[in-house]
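K.L.:
As given, the protein sequences belong to chains A and B, one line each in that order.
Under our numbering, think of the first position of the first sequence as 2, with each following residue one higher.
Under our numbering, think of the first position of the second sequence as 2, with each following residue one higher.
Before we start, here is the structure in question, set down as structure tokens.
Number of protein chains: 2
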Amino acid sequence: MQTSGQTSGQTALRPDFETAVLAPIRAIVGDRGLITDPDTMKPFMESWRDGWVGRSPAVVLPDSTEALAAVVRICAETRTPIVPQGGNTGLTGASQPHADGSEIVISTNRLNRIREIDIDNDTMTVEAGCILANIQNAARDVGRLFPMSLAAEGSCQIGGNIATNAGGVQVLRYGNMRNLVAGLEVVLPDGRIWDGLRGLRKDNAGYDLKQIFIGSEGTLGIVTAAVLKLSPLPRATATALVAVSAPSDAVDLLTRAKGVAGDRIVTFELIQRACIDVARRHVPDVPDPLRDRYPWYVLVELADQDSGNRLAEMLESILEAGMEAGEVLDGVVAASKAQADSLWRIREGIPEGQKREGVSFKHDVSVPISRVARFLDRTDAALERACPGIRPFSFGHLGDGNIHYNPIQAEDGDPAEWRAKLATVNAIVHDIVVDLGGSISAEHGIGRLRIDEMPRYKSPVELEMMATLKRAFDPHNIMNPGKILHSSGVAP
Amino acid sequence: MQTSGQTSGQTALRPDFETAVLAPIRAIVGDRGLITDPDTMKPFMESWRDGWVGRSPAVVLPDSTEALAAVVRICAETRTPIVPQGGNTGLTGASQPHADGSEIVISTNRLNRIREIDIDNDTMTVEAGCILANIQNAARDVGRLFPMSLAAEGSCQIGGNIATNAGGVQVLRYGNMRNLVAGLEVVLPDGRIWDGLRGLRKDNAGYDLKQIFIGSEGTLGIVTAAVLKLSPLPRATATALVAVSAPSDAVDLLTRAKGVAGDRIVTFELIQRACIDVARRHVPDVPDPLRDRYPWYVLVELADQDSGNRLAEMLESILEAGMEAGEVLDGVVAASKAQADSLWRIREGIPEGQKREGVSFKHDVSVPISRVARFLDRTDAALERACPGIRPFSFGHLGDGNIHYNPIQAEDGDPAEWRAKLATVNAIVHDIVVDLGGSISAEHGIGRLRIDEMPRYKSPVELEMMATLKRAFDPHNIMNPGKILHSSGVAP
């Protein structure tokens, strides 16, 4: 849906780029750490889903924090803008360069060591380029859980997860990425290294600087390593898919479940019927789990260190009480791991199914949980008025108030015509979100995708504060410029 | 133990203070909102425990965010330094003015409304001056838990809890204050109001600005209101006091307990025998719970939404397994609420007992949990060499790696002589803490108490980053100056 912000093919490189920038960088990282061939650079220039395409004179792949810092120092001295890149799986165009070819990409691909696991402290020290799934597995190998879990976990890197304060399907229990970070190592925009790799759960010795970098999308520095918090590995899980007639019933069921199961609730995903239909249409092995069709579903999963089937009993008792109260219409509790996996395939098949269904309008929004139902009602009605035939398509992390509100074009509509409605649809959705006290980006970030919407939805004071922070740490605006904020700080 | 940084009785007020500062402030807050009488100001000038005494020309008590902001604007225009103050229960001299009488105290005492409780969203919007215990009670009244819990809860204010990123006895399960804040309203050092009062669990729409203010000890702005996250109210608790022979056994028991009980572990407090003796000596109704004497104890509490006596069974099974493994020597599981309260009196009596026992050297430190035992061994040995006769006195939140390492002077030593050893003792303790990757202030903050130690224990890069942040948001250094950082930014 998106096109690159700049369409010019002109390169804005300084004339002595080869000698002043590239040669000194090559001297640091060697030929193995430097890609300048356009074909080889291609995967670093493009986003996997959303069509951002950029250009760059070089992709640099340092193999140590010191080498990365030395590269950044050269960029700082020569005012060469930098795009930090991890697994390049983000959804907002934050990790690809702009199209003017002026920016160097610094990849963390080769910073991929697990430096230490401290079992009694429940922490693991990893480099930014470690693949999320590898971290999950390393934790599991020592009997621990690293609870960050999201669709891209097989290729996304922890540095990117940190830079975007990643969310995923277990935030309800374990929090966002921010909650899973005990310490950070960061290369600052002037090339200094900040060693904040402390494995502490409590540290009030001055400002908590790591918070500044988590979620800053690489605009304030490059995360090179982190101390991650591990959790006990659950011994039991219980999974159910239940049907409800409306999102407000799902919210009531969530409140009920929290009262009984508390932190055992790991997942509470709301799914509109249309999402199941679309997933089943385009993705193999997605089941239709209940005999009848219902307007809304909830995928709920409990987990506990306490083993045994008590967890399934607890889940069943919650659902029975929900049924008596009229919140739950029907449901199935998985009787086996295979059945649970099958229920999860419904949730996991939705993004792929949607991609194949036609033009869709993606919104990653959050509102207070108590207002999710109102948000859906108001937005569905407003969109139907503005774009008759548009098909509601909502799913997401109800437990966090985070809805992926992704309506799809009318069934036989002309894709080009529908694509032209993007700005209209965005404005309707986001106006209502913000009116309800919500966020226009719950977990994906701003990047370039939402950068021009920031002045509409953030107060001048808040935009100025963000610009103040950016200017303080990156006064020459070389660190991922044009992401989150425009170079002027606040306005496009 | 501490004396005010400046002993001069000279007042550094501008000559037109009355007309340029005080009169316009009186016009905003009225006589009810302004105290200038020295006797009435006295409680605002002193700390309750540590002997900080300051002077100020006025204490201002605005009754709304707008009024507070207007007062700050006057201070900003006239470059009048401000000391924000909540319940004035902090332990580092952060909330009292300096002795030179140049600083105005702005108290949040009258900002004490609970603005909203949103049950389905599990959030509560409160003003900064709300007493922590009142917030806990308001949550309980609607069947929710606000889990921040600490000794001063009957008089400390939530604004101060946020400004110091308070810890307490339930951090292991619920996190520090930072984890309990969904949104903030802050008056910036130039008097602008930032409305970040969003009740969201996920919000990645740009920099997460609230993180900057949490734990900044009022040096970057004044928190005036917050959206707090509530938790389900536990239906069952199980409490035990167990004896162990060494801290390393307590760590092993903690690891064991986490594997079985996971997030049910709310409290895991390590207590040295000397602490129990001293509490019993000076505080009524502190029991000696086990027949024999042991060198170390652990107070452990589990909590769960799931009612019934299964939790006690779980705790007993953990302790039995710990006993078989040789970690646990003896123990008692509370059979009633009254018994649990009695066990808690041991822990709660320690600070009071210590106060009455003589000169003590307080250190609020943290290290990785895996290094707590090493920290205690090394530090005890080093102190005994440097200050023969010093009595080890350690207790604290082992589950967070946070030890209150507070050795007491030799039994019959001269207090004045022992007081003179303060710098020596601090240096020994903090050198070892930092060598082990720890923090010189786990939960109390820096304030003035630790400000001069910052250059010794923080890297130049980290100090410069803190100064950068301070200068960016408070360029004229009027917001709680001389706390955390000296006015020059990095050096005393």
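The beta-carbon is built from N, C-alpha and C at its ideal position, and this holds for glycine as well.
1. I'd like to confirm the pairing. Which residues does DSSP put opposite E128(B) in its beta bridges?
2. Counting only Cβ pairs nearer than 9 Å, list the residues of chain B close to F474(A).
3. With DSSP as the reference, identify every bridge partner of A241(A), one or two as the case may be.
4. In chain B, what lies closer than 7 Å to V261(A) by C-beta?
5. Go ahead and label N310(A) buried or exposed: buried means 16 or more other beta carbons lie within 10 angstroms of its beta carbon, across all protein chains shown.
6. Using the C-alpha atoms, what's the distance from D286(A) back to T90(A)?
7. Closer than 9 Å, Cβ to any Cβ of chain B: which residues of the stretch 270-296 of chain A, in chain order?
8. With R116(A) as the anchor, note down where its beta strand (DSSP E) starts and where it stops.
9. Could you tell me how far apart the beta carbons of V224(B) and A258(B) are, in whole angstroms, since I believe they sit closer than 8 Å?
10. According to DSSP, what are the bridge partners of Y406(B)?
11. For chain B, check one thing: does any of its Cβ atoms lie closer than 8 Å to the Cβ of S318(A)?
12. For W53(B), would you say it is in contact with chain A, using Cβ-to-Cβ distances shorter than 8 Å as the test?
13. Looking at F269(B): is its Cβ nearer than 8 Å to the Cβ of L173(B)?
14. Per DSSP, what kind of secondary structure is S5(B) in: helix, strand or coil?
15. Taking only the alpha-carbon atoms, compute the straight-line gap between G200(A) and N122(A) and give it to the nearest angstrom.
16. Figure out for me which residue from D436(B), A13(B) and I75(B) has the closest Cα to the Cα of A21(B).
17. State the CB to CB distance for the pair K471(A) and L221(A), rounded to an integer number of angstroms; the pair is presumed to be in contact (CB under 8 Å).
18. Using the C-alpha atoms, what's the distance from S156(B) back to G94(A)?
19. Can you tell me the Cα-Cα spacing of A492(B) and L62(B), whole angstroms?
20. Using only CA atoms, which one of D38(B), I479(B), E412(B) and R111(B) lies nearest to V279(B)?
21. Which residues in chain B sit within 9 Å of A443(A), going by Cβ to Cβ distance?
22. Considering just the uninterrupted stretch of the alpha helix (DSSP H) at T256(B), what are its terminal residues?
23. Name, going along the chain, the residues of the stretch 109-125 of chain A whose beta-carbon falls closer than 9 Å to a beta-carbon of chain B.
24. Taking only the alpha-carbon atoms, compute the straight-line gap between A134(B) and G144(B) and give it to the nearest angstrom.
25. In whole angstroms, what is the alpha-carbon distance linking Q158(B) and S249(A)?
26. At the level of alpha carbons, what is the spacing between I136(B) and F147(B)?
27. Please return the same chain residues whose Cβ sits closer than 6 Å to the Cβ of G160(A), not counting the five positions on each side in sequence.
28. Report the neighbours of N403(B) on chain A: residues whose CB is nearer than 7 Å to its CB, in chain order.
29. What is the DSSP secondary structure of E270(A), reduced to helix, strand or coil?
30. Jot down the residue ranges of each uninterrupted beta strand (DSSP E) in the stretch 185-233 of chain B, minimum 3 residues, whole runs only, in chain order.
31. From V284(A) to S361(A), what distance separates their C-alpha atoms?
32. Do you know offhand how far E104(B)'s Cα is from S488(B)'s?
33. I want to verify the contact list: residues of chain B whose CB lies under 8 Å from the CB of N166(A), in sequence order.
34. On the three-state DSSP scale, how would you describe L344(B)?
35. Residues of chain A with CB closer than 8 Å to the CB of K459(B), please, in chain order.
36. Could you check if S5(B) is buried or exposed, using at least 16 other CB atoms within 10 Å of its CB as the buried criterion?
P.N.:
So, to answer that:
1. A226(B)
2. M466, T469, L470 and A473
3. V301(A) and V334(A)
4. Q306
5. exposed
6. 25 Å
7. none
8. I115 to D119
9. The pair is not a contact, with the Cβ atoms about 35 Å apart (cut-off 8 Å).
10. S395(B)
11. no
12. no
13. yes
14. Unreliable positioning characterises S5(B) in this predicted model, as indicated by a pLDDT of 42, which lies under 50. The coordinate reading is nonetheless provided below. Correct three-state label for S5(B): coil.
15. 8 Å
16. I75(B)
17. 7 Å
18. 49 Å
19. The predicted position of A492(B) is uncertain, since its pLDDT is 36 and thus under 50; a value taken from the coordinates is nonetheless stated next. Going from the Cα of A492(B) to the Cα of L62(B) covers about 33 Å.
20. E412(B)
21. L201, R202, K203, D204, N205 and A206
22. P248 to A262
23. D119, I120, D121, N122, D123 and T124
24. 15 Å
25. 35 Å
26. 7 Å
27. G87, T109, A129 and V224
28. K203
29. strand
30. 194-197 and 223-230
31. 17 Å
32. 14 Å
33. N205 and D209
34. helix
35. A206 and G207
36. Any reading at S5(B) needs caution, since the residue's pLDDT is 42, under 50, leaving its predicted position unreliable; the model's value is listed next. S5(B) should be labelled buried.
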